[in-house]
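Notes for the one structure printed next.
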Amino acid sequence: MLRLTDIKLPLDHAQDAIAAAIRAKLGIGAKAPIRYSVAKRSYDARKRGAIVLIYALDVDVADEEAVLRRHAGDAHVQPAPDTGYRFVAQAPRDLPLRPVVIGTGPCGLFAGLVLAQMGFRPIILDRGKSVRERTKDTWDLWRKRNLHPESNVQFGEGGAGTFSDGKLYSQIRDPQHHGRKVLTEFVEAGAPEEILYVSKPHIGTFRLVTMVENMRATIESLGGEIRFGQRVDDLLLEPAGDGRRQVRGVVLAGGEQIRTDHVVLAIGHSARDTFAMLHARGVYVEAKPFSIGFRIEHPQSLIDRARFGPQAGHPILGAADYKLVHHCKGAHPGQGRSVYSFCMCPGGTVVAATSEPGRMVTNGMSQYSRNERNANAAIVVGIDPVDFAPFDGSGSPLAGIALQRALESHAYTLGGGNYNAPGQLVGDFLAARASHAFGEVQPSFKPGVTLGSLDSALPDYAIAAIREALPAFDRQIKGFAMHDAVLTGVETRTSSPVRIKRDDSLQSLNTGGLYPAGEGAGYAGGILSAAVDGIRVAEAVALDMTGHGGGH
Ligand SMILES: Cc1cc2nc3c(=O)[nH]c(=O)nc-3n(C[C@H](O)[C@H](O)[C@H](O)COP(=O)(O)OP(=O)(O)OC[C@H]3O[C@@H](n4cnc5c(N)ncnc54)[C@H](O)[C@@H]3O)c2cc1C
């Protein structure tokens, strides 16, 4: 099989144009038999009115060797990569102890699935509820201002990514094609086939709900066990010499103990009580940089026009997205800071993503159709542990959580103390004056937005940096700093405020048998990279349980 890349065709090309392009590229006649499949389809929208599709194609031709010799040195004609997934181990018939996975987000779910596929019958625990119950509870906040602290956008089956745009792409290096395994399993669970070849695949929330249920059924059919409403509140640890410990089990909120020597810790970035427990138990945790900011909303049509010009609305292109970054130079507290767009949701909504009473957090989501009237994204500023000191001067590795909590509590108050988000129009924000009425853009945030000034919602360096960046973004996307665009806040959970350090065997630096994984541990950012990290950690557990591990 050959892999042909960089095959360019106009947006509205005829179906048989692909075969014609292959024949032209390989210099083979119209009668020679060929078979092909689309490995990747992306687009180049830089030339207005002349958007092109760019294909990577897997092609079967007669006498492949001869074709490869003829195209020796051509980077765009290569043998197709072997992206098949191979299990690293099989569980022994008699399994003295089963591995435990904490969390059913993408990381925990894939760690559990791959361990189950290798026969290790994992016990998977989540503090939240099953996905349909959880959906009801989440809507209970969005519609009736009733927060369920253990069942919400952050906690429950499917993890943080369930109420999302379900964007499935990341920048991670993936030499073993684990990403392909993730996408293949998602298709197996009900995702649209196109996620296997479109350059920016997304699934959308409603589809994610069914897929997560299907994956649970698969894990259970392979002997795995998934238990909801099971918060792990402690670890059973045994000294293991030279200051090290070995995990011997987990303790649940109700006091039940589960014996195990292998724990996958896939708890996500909002498990603040669990981070505190780990730190108190002496598990090595360190503070980690993350970003803070606001969500911004524009009419999706404005973004489509700016990105796609006259071809906006073309079914293959769908709702346009954007990626923006600005490095601040101005003489203000934000000088030297970077401001960037994060988790952009085309044709989506801004959602209440809090998990703690009296705190306000924003995030974004879309349905597969991405046909809501607004586009939204977070506009965030990078911060480091030095920035945490004003909120917790103890130098604790958990200081970032203190910063998040302080900003979220203040935002809750600014919003009126009823789970409304505080908001401001971009024009007023740039002019440093409070807003009183919405204009052309109606916000999508539920339960509601309370207009005013966001000047006190973030530290002054972040406010100054965003104030400098918005006009700069307007030069990249005309209308980005339109007066009536709406800012809501605060976006504080962009990634984990801590890293639970691990060594090459993917075990905690000082606690054997504990495998910190995914976003919460600081080893992933996004659905795809969290799922890939889950597979990597499952492989490490399987190798260790069959005596081929890197040991400690
Ligand atoms: C609203 C929203 C939209 C997003 N949109 C996207 C997107 O479009 N694309 C994308 O790539 N990423 C998106 N993300 C980010 C993505 O969801 C996360 O990066 C990803 O879910 C991280 O996966 P994870 O498995 O590491 O952790 P999580 O998904 O956070 O899962 C952690 C799980 O652990 C459980 N847990 C925590 N503590 C305990 C405990 N003590 N005991 C038992 N269980 C526990 C929680 O209940 C939770 O279910 C979005 C996030 C949010 C919140």
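According to our numbering, the residues represented by the sequence shown are 888 to 1439, in order.
Where a beta carbon is used, it is the ideal one built from N, C-alpha and C, also for glycine.
Fair warning: this is a prediction, and the values are worked out from it, not measured in the lab.
Pick from Val988, Asp1024, Thr892: whose alpha carbon is nearest that of Asp961? Position 74 of the sequence shown, counting from 1, holds the residue named residue 961. When each option's Cα is compared against that of Asp961, the closest is Thr892.
Considering only C-alpha positions, which residue in the set His1214, Arg1224, Phe1278, Phe1181 is nearest to Ala1240? The residue you call residue 1240 lines up with position 353 of the sequence shown. Nearest C-alpha to Ala1240: Phe1181.
Beta-carbon proximity of Ala976 to Thr1433, cut-off 8 Å: Within the sequence shown, numbered from 1, the residue matching residue 976 stands at position 89. Within the sequence shown, numbered from 1, the residue matching residue 1433 stands at position 546. Yes, Cβ-Cβ distance for Ala976 and Thr1433 is below 8 Å.
From the DSSP output, in three-state form, read off Thr1375 for me. Here residue 1375 corresponds to residue number 488 of the sequence shown, with the count starting at 1. Strand, per DSSP.
What are the start and end residues of the alpha helix (DSSP H) that includes Lys1023? On the sequence shown, residue 1023 is found 136 positions in, with the first residue counted as 1. Note, Lys1023: alpha helix (DSSP H), 1018-1031.
Beta-bridge partners of Lys895, as assigned by DSSP: Translated into positions along the sequence shown, residue 895 becomes position 8. Bridge partners of Lys895: Ile941.
Secondary structure of Phe1115, DSSP reduced to three states: Along the sequence shown, one-based indexing puts residue 1115 at 228. Phe1115 falls in the strand class under three-state DSSP.
For the pair the segment 1409-1427 and the segment 981-1001, tell me if three or more CB-CB distances fall below 8 Å. yes
Would a C-beta distance cut-off of 8 Å place Thr1092 and Met1231 closer than the cut-off? By one-based count along the sequence shown, residue 1092 stands at place 205. By one-based count along the sequence shown, residue 1231 stands at place 344. No, Cβ-Cβ distance for Thr1092 and Met1231 is not below 8 Å.
Hey, would you say the C-beta of Gly1053 is under 7 Å away from at least one heavy atom of ligand 1? The residue given as residue 1053 occupies position 166 in the sequence shown. Flag set: Cβ of Gly1053 near ligand 1.
Could you spell out where the alpha helix (DSSP H) holding Asn1101 opens and where it closes? As a working note, residue 1101 is residue 214 in the sequence shown. Counting along the chain, the alpha helix (DSSP H) containing Asn1101 begins and ends at 1092-1108.
Do Ile1010 and Arg985 have their CB atoms nearer than 8 Å? Within the sequence shown, the letter at position 123 stands for residue 1010. Within the sequence shown, the letter at position 98 stands for residue 985. Cβ atoms of Ile1010 and Arg985: closer than 8 Å.
6 Å CB neighbourhood of Ala1321 in its chain, flanking five on each side removed: Locating residue 1321 in the sequence shown gives position 434, counting from the first residue. Taken in chain order, the residues that qualify are Gly1339, Ser1340.
What whole-angstrom Cβ distance do Lys1023 and Glu1044 have, given they're in contact under 8 Å? As a working note, residue 1023 is residue 136 in the sequence shown. As a working note, residue 1044 is residue 157 in the sequence shown. Actually they are not in contact, since the Cβ atoms of Lys1023 and Glu1044 sit about 12 Å apart, beyond 8 Å.
By DSSP, does Ala1264 sit in helix, in strand, or in coil? Working through the sequence shown from its first residue, we reach residue 1264 at position 377. It is a strand residue.
In the structure shown, what three-state DSSP assignment does Arg1354 receive? Taking the sequence shown and counting its residues from 1, one reaches residue 1354 at position 467. Here Arg1354 sits in helix by DSSP.
Are the segment 1165-1183 and the segment 894-902 touching, with three or more C-beta to C-beta distances below 8 Å? no
If you compare alpha carbons, which of Ala1418, His1089, Leu1285, Met1098 is closest to Lys1068? As a working note, residue 1068 is residue 181 in the sequence shown. Comparing Cα-Cα distances from Lys1068 to each of Ala1418, His1089, Leu1285, Met1098, the minimum goes to Ala1418.
Considering only the beta carbon of each residue, do Tyr1209 and Ser1228 sit closer than 8 Å? The count along the sequence shown starts at 1 and reaches residue 1209 at position 322. The count along the sequence shown starts at 1 and reaches residue 1228 at position 341. Cβ distance < 8 Å, so Tyr1209 and Ser1228 count as in contact.
Following the continuous alpha helix (DSSP H) through Pro993, name the residue where it begins and the one where it ends. As a position in the sequence shown, residue 993 is number 106, starting the count at 1. Per DSSP, Pro993 belongs to the alpha helix (DSSP H) from 993-1004.
Measuring straight from C-alpha to C-alpha, what distance separates Ala1411 and Ala1199? Along the sequence shown, read from residue 1 onward, the residue named residue 1411 stands at position 524. Along the sequence shown, read from residue 1 onward, the residue named residue 1199 stands at position 312. So the alpha carbons of these two residues sit roughly 33 Å apart.
Report buried or exposed for His1213, applying the criterion of at least 16 other Cβ atoms within 10 angstroms of its Cβ. Along the sequence shown, one-based indexing puts residue 1213 at 326. Buried is the call here.
Below 8 Å on the Cβ atoms is my guess for Asp1160 versus Ala1140; work out the distance and round it to an integer in Å. The residue you call residue 1160 lines up with position 273 of the sequence shown. The residue you call residue 1140 lines up with position 253 of the sequence shown. Wrong, their Cβ atoms sit about 10 Å apart, outside the cutoff.
Taking 7 Å as the line, does the beta carbon of Ile1259 fall inside it for any heavy atom of ligand 1? Within the sequence shown, numbered from 1, the residue matching residue 1259 stands at position 372. Looking at the sequence provided, one finds Glu at residue 1259 rather than Ile. The answer is no for Glu1259.
For Pro1186, three-class secondary structure by DSSP: For the purposes of this step, residue 1186 is taken as residue 299 along the sequence shown, with counting starting at 1. It is a strand residue.
Complete beta strand (DSSP E) runs within the segment 1150-1181 (minimum length 3 residues, chain order): 1150-1152
Taking the alpha carbon of Trp1029 as the reference point, which residue from Arg1114, Thr1398, Tyr1306, Asp1391 has its own alpha carbon closest? Position 142 of the sequence shown, counting from 1, holds the residue named residue 1029. If we check each option's Cα against that of Trp1029, Tyr1306 comes out closest.
Kindly indicate the opening and closing residues of the beta strand (DSSP E) around Leu1312. One-based indexing of the sequence shown puts residue 1312 at position 425. Segment 1308-1312, the beta strand (DSSP E) holding Leu1312.
As assigned by DSSP and simplified to three states, the class of Thr1300: The sequence position of residue 1300 within the sequence shown is 413, counting from 1. Helix.
Cutoff 8 Å; reference Asp1371; Cβ partners in own chain excluding five residues on either side: Here residue 1371 refers to the residue found at position 484 when the sequence shown is read from its first residue. Around Asp1371: Leu1312, Val1313, Gly1314, Phe1325, Gly1326, Glu1327, Val1328.
Alpha-carbon spacing of Asn1261 relative to Ile1364, whole angstroms: Residue mapping note: residue 1261 aligns to position 374 of the sequence shown, counting from 1. Residue mapping note: residue 1364 aligns to position 477 of the sequence shown, counting from 1. Near 15 Å, if we compare the C-alpha coordinates of Ile1364 and Asn1261.
With 16 other Cβ atoms within 10 Å as the buried cut-off, status of His1156: Working through the sequence shown from its first residue, we reach residue 1156 at position 269. It is buried - the Cβ of His1156 has at least 16 other Cβ atoms within 10 Å.
Three-pair Cβ contact test at 8 Å for the segment 1045-1063 versus the segment 1088-1104: yes
Got a sec: does ligand 1 put a non-hydrogen atom nearer than 7 Å to the Cβ of Ile1154? On the sequence shown, position 267 is the one that residue 1154 refers to. Answer for Ile1154: yes, Cβ within range of ligand 1.
Taking the continuous beta strand (DSSP E) assigned at Arg1135, which residues delimit it? Working through the sequence shown from its first residue, we reach residue 1135 at position 248. That run of the beta strand (DSSP E) goes 1132-1139.
For Cys1215, verify whether its CB is less than 7 Å away from any heavy atom of ligand 1. Counting from one through the sequence shown, the residue named residue 1215 turns up at place 328. For ligand 1, not one heavy atom lies less than 7 Å from the Cβ of Cys1215.
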